[in-house]
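**Q** The structure's right below; bear with me while I get my questions together.
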Amino acid sequence: MNRTKIYMNRTKISCAIVTALAINPAIAQQETAKAKAQIETIQVTATKRTESIQDVPLSVSALNGEALENLGVESFNDYVEFLPNVVFQGTGPGQNEIYIRGAATTQTNISVSSVQALQPSVAFYLDEQPVSMQGRNLDVYAADIQRIEVLPGPQGTLFGASSQSGTVRMISKKPDHTGFAAGMDVNIGSTKGGEMSNSVEAFMNFTPTDDLALRVVAYNDKQGGWIDNILNKPGGGGYTGSAVVIDRISGGVLNDPQNTPVISPENGGLVEDDTNDAIYAGVRLGMSYLINNDWSLLLQHTAQSLETEGVFSYDPNLEGESSVNRFIPEDNDDEFGLTTWTLKGRLDKLDIVYTGGYLDREISSTIDYTGYTNGGLFSAYYVCQYGGSVAAEDERCLDPTKYYKEQTDTSRITHELRFNTDVDKAWRVTAGLFYDDQELATVGQFNIASTEKFPDLARTLPGSEGINSDGGPFESGISFVNDVTHTIEQVAVFGQVEYDLTDKLTATLGARWYQIDDTFKGSTTSTDVSRRIRAFGTQDPAELDLATGGDGPGVLQAAIESGQLDVSLLDDSGTLTVDDTIFKASLDYKLNDDVLLFTTYSEGFRPPVTNRQGGDLASNQSGAFEGFRIPVYSTTDSLDNFELGMKGDFLDGILRVNATAFYSEITDLQTSRYDPTNISFLVFTDNVGDAEIKGLDADITWLASDNLVINAAFSLLDTELTSVNAELAGIAPGVGAQLPYSAEFSGNIRARYYFELDDGYNGYLNASVSYTGDRLAGMSMDAYVTEDATRLIYGTGSGLPIQNEAATYDGTSFKDSNGDVFQGGRYIQESYAIANVSVGITKDDWKAELYIDNLTDESAVLYIDTQQFTPKVVTNRPRTLGLRLSYDFY
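Residues -28 to -1, 1 to 862, numbered by mature numbering (1 follows the signal peptide of the UniProt record, and there is no 0), are exactly what the sequence shown covers, in order.
So this is what it looks like as structure tokens:
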């Protein structure tokens, strides 16, 4: 048998996904060391039926394990080399979100992502099971995979919620009934200025009987760090506590902030080089049983642990592009177990599939939260002595060191029953039922190193007890606690009908009805969330008067009756229920045997998100904020998509061109908001307005000779806001502004040259260059505010470029350090280009390859993190030289 091997040093699903979008099926199917004289295609299940990728009338990219090997994808950050229309944004392994075709808004702070994050707009599937999660997508190591499929654009009729802007499917290799096979891959790499990395992956496939096949996969991947935690030097370019910054964000409580003594944080005991290690370790067990000629059963279990230390960003205010000042030991332990089952069979003329899965995930993390002092409301209350018994001359601010500690447990069970009619008939139907039950239980605690004025800020939670904790009393250093349980139950009925109008023209109609019940329970230090949401559901006047801490009799009732607050989706128990039907329609025309033309209309959606502090009146009751209340929930945002595409082979099969032009309209685009000086000191979700996206995706493969394969891919995007809600004027960018995180142009070109050697040896050379254009960071125009705080804390600005988007920024009530009103602007994540090269030899069942990733040692700006009020830059791994070896046993 032929085995697709994976050579993945620090490989994750994120690498594979993005490569899939850039790769052409030709590379994915090359099974030998010598190039073939034609472009081959692969079979995909993008429509939940197996068919050729060139015959699927929608934009689909796919690759297999051999393609990953050929492209030399090795690290999480290397994926950006192959980024035509997909973006991964976040702060490190297990802390990233996926965006496709520019449909993105501001990300939720990782410290509240388990509590108040938006639902993902891109669905991620492991085999048949959806495993997408809000805030922290499951980070699955790409071991022993059959292929990766990426479906840009809404896929809601067949794949449901979270498929608003696209779907990513990772298909693992299944037990093989043809006989015994085994193999091992090892990898070692040396990173400039960093630690060594190494990985081992092995598999074994065996068949105890003709009807039974078993497969075992195991892997361990240690990714060496390269970010250095250097000694903090207050007043010497390091982090220096600023009473001016602390006081202004707290509304002005210090008598003389310019001269108030401040203790700066110390990190002498934490100074260390190469702090950002990551280790993936896991196993997958599979069993395939052929019940009879018509029926088969597949059982699989995947268990994985991901352990990281440190951070994956650098501080642009410090020397070099690999230095940070961190004041708390940081770690993230992320474990999951996924058990899946699939029963396939045939009843008369119907193909039947029943599939299900149970996912259990546990996250335990500690995050340095010292930066909250520079932008979090009430910072002076937490860390300063002032007023009361303290004389003005004795006012001082204490050690600002803080940390956030989280324990989150998530479970998810899914069931899907579907059937397909005969694919050879003029009428073809795919239809089914879907059930999904998710539960997320989390406790997050914010701890301050020293607080003297309020030593018991978060002594107990409101209500009699916590949902996932005992409700307190907590230790004295804890300043705030989130203790919530979030459950989402979904049922859906879906179907898709294809009809051959002629032997060349086919029409497709699809629809999906869904109902989602979303229950949000628990408490924060400031709010009994369960009671508040129930009050909105029952609209009991007495409960409403108590819900937000005493707005006054009848005030919330009046806000509901006037339409200022929408609570129509809540029932008496506080459960939010939404149901709707979405549609898809397409026409595809087979111009000839080599060219397919198609046009598609499709709809996608993202469900509402309940807010912890819904109903609260904005703290600033002037200007655009007069009368503003935090919405009880952000409403569903929907995406309508129109596509026109072509897939074709030309010049006797040596040139393949696939291209799709698209236009998308987003209504009520959801976003995460944090506006402490105007509204609330807690993060909440809202609808920013409407947007439109226009673009073109294309990939080209040319077999230049029997030995040379050249592949190119690119993405063009034009994104803009078409309307902005009134209360966001002066905070979010205005009408016509670009959506964040996606470049107007991204592209890459790759070449692979094969050659023969003596004595049966074969060799190859790989080279690739990729380019990613400028991108904007986030939706809030707070870059100048962040820069001003940075100058006060570090003595100088970050040097990062800012796009000026408004004369004034209304997101704060204070002025800058020069007494001027802040302008509105967003950080620019600047463009970059990365080159990789490799050379390898093969013979029979073994292979050796030398590679250099990031040949020019480019330090790319992957993501600018402003979630702690001074910018940090998430970057890629420096130049890495490595060796891959593999051997198969048959």
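Every residue, glycine too, gets a C-beta built ideally from N, C-alpha and C.
Alpha carbons only, please: which of TYR191, ARG503 and ASP489 is nearest the one belonging to PRO580?
**A** Per the Cα distances, ASP489.
**Q** In whole angstroms, give me the CA-to-CA distance for THR762 and SER770.
**A** The alpha-carbon atoms of THR762 and SER770 are separated by roughly 7 angstroms.
**Q** If you drop the 5 nearest sequence neighbours on each side, which residues of the same chain put their C-beta closer than 6 angstroms to that of LYS377?
**A** Once the five neighbours on either side are set aside, the close Cβ partners of LYS377 are THR338 and GLN417.
**Q** Does the count of Cβ pairs from the segment 55 to 66 and the segment 712 to 720 closer than 8 angstroms reach three?
**A** Touching, yes.
**Q** Give the DSSP-derived three-state secondary structure of GLU515 in the structure shown.
**A** Three-state result, GLU515: helix.
**Q** According to the neighbour-count rule (16 or more other Cβ atoms, all chains shown, within 10 Å of its Cβ), is TYR733 buried or exposed?
**A** The residue is exposed, with fewer than 16 neighbouring Cβ atoms inside 10 Å.
**Q** If you drop the 5 nearest sequence neighbours on each side, which residues of the same chain put their C-beta closer than 6 angstroms to that of ASP544?
**A** Once the five neighbours on either side are set aside, the close Cβ partners of ASP544 are GLY509 and THR510.
**Q** So, ALA663 versus LEU693, is the Cβ gap smaller than 8 angstroms?
**A** Contact: yes.
**Q** Quick check on the burial criterion: 16 or more other C-beta atoms within 10 angstroms. Buried or exposed for SER534?
**A** The residue in question, SER534, is exposed, as its Cβ has fewer than 16 Cβ neighbours within 10 Å.
**Q** Would the segment 522 to 542 and the segment 584 to 593 be scored as touching if the rule is three or more Cβ pairs under 8 angstroms?
**A** Touching, yes, given that three or more Cβ pairs across the two stretches are closer than 8 angstroms.
**Q** Leaving out five residues on either side along the sequence, give the residues of the same chain with a beta carbon under 6 angstroms from the beta carbon of THR327.
**A** GLU100, THR314 and GLU388.
**Q** I'd like to check one pair, PRO648 with GLY348: are the Cβ atoms closer than 8 angstroms?
**A** Yes.
**Q** Where GLY317 and GLY161 are concerned, what is the direct C-alpha to C-alpha distance, given to the nearest angstrom?
**A** Taking the straight line from one Cα to the other gives about 46 angstroms.
**Q** List in chain order: all unbroken beta strand (DSSP E) runs of 3+ residues lying wholly within the segment 648 to 729.
**A** The segment 648 to 729 contains these whole beta strand (DSSP E) runs: 652 to 675, 680 to 696 and 717 to 728.
**Q** Which of helix, strand or coil does DSSP assign to ASN289?
**A** In the structure shown, ASN289 sits in coil (DSSP, three-state: anything other than H, G, I, E or B).
**Q** Since GLN642 contacts THR77 with CB under 8 angstroms, what's their CB separation in whole angstroms?
**A** At roughly 6 angstroms, the Cβ-Cβ gap stays under 8 angstroms, so GLN642 and THR77 are in contact.
**Q** So which of LEU537, VAL296 and THR139 has the shortest CA-CA distance to PRO843?
**A** Among LEU537, VAL296 and THR139, the Cα nearest to that of PRO843 belongs to VAL296.
**Q** Which of helix, strand or coil does DSSP assign to VAL355?
**A** Three-state DSSP puts VAL355 in a helix.
**Q** Which stretch, first to last residue, makes up the beta strand (DSSP E) that contains GLY69?
**A** The sequence given here places Glu at residue 69; Gly does not occur at that position. First-last of the beta strand (DSSP E) with GLU69: 68 to 72.
**Q** Quick check on this structure: which residue in ASP829, ARG384, ASP305 and GLY210 has the alpha carbon closest to the alpha carbon of THR312?
**A** The shortest C-alpha separation from THR312 is found at ARG384.
**Q** Leaving out five residues before and five after THR499 in sequence, what residues of the same chain have Cβ atoms less than 7 angstroms from its Cβ?
**A** Excluding sequence neighbours, THR499 sits near PRO434, ARG584 and GLN585.
**Q** Sort VAL539, LEU855 and ASP829 by Cα distance to SER294 and report the nearest one.
**A** Comparing Cα positions, the closest option is ASP829.
**Q** According to the Cβ coordinates, are SER33 and VAL122 closer than 8 angstroms?
**A** Yes. Within cutoff.
**Q** Check whether the segment 701 to 717 touches the segment 770 to 790, counting contact only when three or more Cβ pairs, one atom from each stretch, lie closer than 8 angstroms.
**A** Result yes; three or more Cβ-Cβ pairs closer than 8 angstroms.
**Q** DSSP state of ASN231, grouped into three classes?
**A** The answer is helix: DSSP assigns ASN231 an H, G or I state.
**Q** Using CA coordinates, which residue listed in PHE653, GLY224 and ARG578 is at the minimum distance from LEU90?
**A** Comparing Cα-Cα distances from LEU90 to each of PHE653, GLY224 and ARG578, the minimum goes to ARG578.
**Q** Using DSSP bridges, identify the partner residues of ASP246.
**A** Answer by DSSP bridge pairing: none, since ASP246 is not bridged.
**Q** Using 8 angstroms as the Cβ pair cut-off and three pairs as the minimum, do the segment 612 to 619 and the segment 568 to 577 touch?
**A** Output reads yes: the segment 568 to 577 touches the segment 612 to 619.
**Q** Among the candidates ASN826, VAL811 and LEU827, whose CA atom is the shortest distance from the CA of ALA820?
**A** The shortest Cα separation from ALA820 among ASN826, VAL811 and LEU827 belongs to VAL811.
**Q** Nearest to ILE602 by alpha carbon, out of LEU569, LYS562, PHE555 and PHE653?
**A** Of LEU569, LYS562, PHE555 and PHE653, the residue nearest in Cα terms is PHE653.
**Q** Looking at the structure shown, is ILE82 part of a helix, part of a strand, or coil, going by DSSP?
**A** Helix at ILE82.
**Q** Between the Cα of ARG108 and the Cα atoms of GLY125, ILE117, ILE202 and SER83, which residue gives the shortest distance?
**A** When only C-alpha atoms are compared, the closest one is SER83.
**Q** Taking only the alpha-carbon atoms, compute the straight-line gap between GLY196 and MET156 and give it to the nearest angstrom.
**A** Whole-angstrom Cα-Cα distance: 21 angstroms.
**Q** Quick check on the DSSP output: the alpha helix (DSSP H) that includes ASP760 runs from which residue to which?
**A** Here the alpha helix (DSSP H) through ASP760 covers 755 to 766.
**Q** Given a threshold of 16 other Cβ atoms within 10 Å of its Cβ, counted over all protein chains shown, does GLY595 qualify as buried or as exposed?
**A** By the 10 Å Cβ count, GLY595 comes out exposed.
**Q** Near MET(-28), what residues of its chain come up, given a Cβ to Cβ distance below 6 angstroms and the 5 sequence neighbours on each side ignored?
**A** In this prediction, MET(-28) scores a pLDDT of 35, lower than 50, which makes its location untrustworthy; no coordinate-derived value is stated.
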